[in-house]
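Chemist: Okay, here's the structure, questions in a sec.
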Amino acid sequence: MNDLTKIDPESTKDRWIYESTGMTYKQHWEAGGVEAMERDLLSAGITFELGKQDGELLGRLVIPHDVKERLIRMDNNWS
1 MNDLTKIDPE STKDRWIYES TGMTYKQHWE AGGVEAMERD LLSAGITFEL
51 GKQDGELLGR LVIPHDVKER LIRMDNNWS
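Note that UniProt numbering gives residue 9 to position 9 of the sequence shown, counting from 1, and the numbers run on in steps of one.
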């Protein structure tokens, strides 16, 4: 317990740390294929919604306003 009291509470808050993977998204997607692209886009909140209105098929691409921040990966594990 004495060791725990020495830890600064500010240092234990969740945070993002940028670490370069040495790859671009293009390189990652070429190596990992559609599955890698799907995982990355879904983790960034990018989706494509399909629906019907008056018998017509409609699609909508949903891109969050903070997509650039969301696409930054937290680790070097691209698999």
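C-beta: ideal position from N, C-alpha, C; glycine also.
1) Since Glu49 is in the beta strand (DSSP E), which residue starts that stretch and which ends it?
2) So for Glu19, helix, strand or coil by DSSP?
3) Which first and last residues belong to the beta strand (DSSP E) in which Glu56 is found?
4) Is Thr5 helix, strand or coil when you go by DSSP?
5) Under 8 Å: do the stretch 57-69 and the stretch 31-49 share three or more Cβ pairs, one atom per stretch?
Modeler: According to the data block:
1) DSSP places Glu49 in the uninterrupted beta strand (DSSP E) bounded by Thr47 to Gln53.
2) Of the three classes helix, strand and coil, the one that applies to Glu19 here is coil, per DSSP.
3) Glu56 to Val62
4) Helix, per DSSP.
5) With a cut-off of 8 Å, the stretch 31-49 and the stretch 57-69 count as touching, because enough Cβ pairs lie within range.
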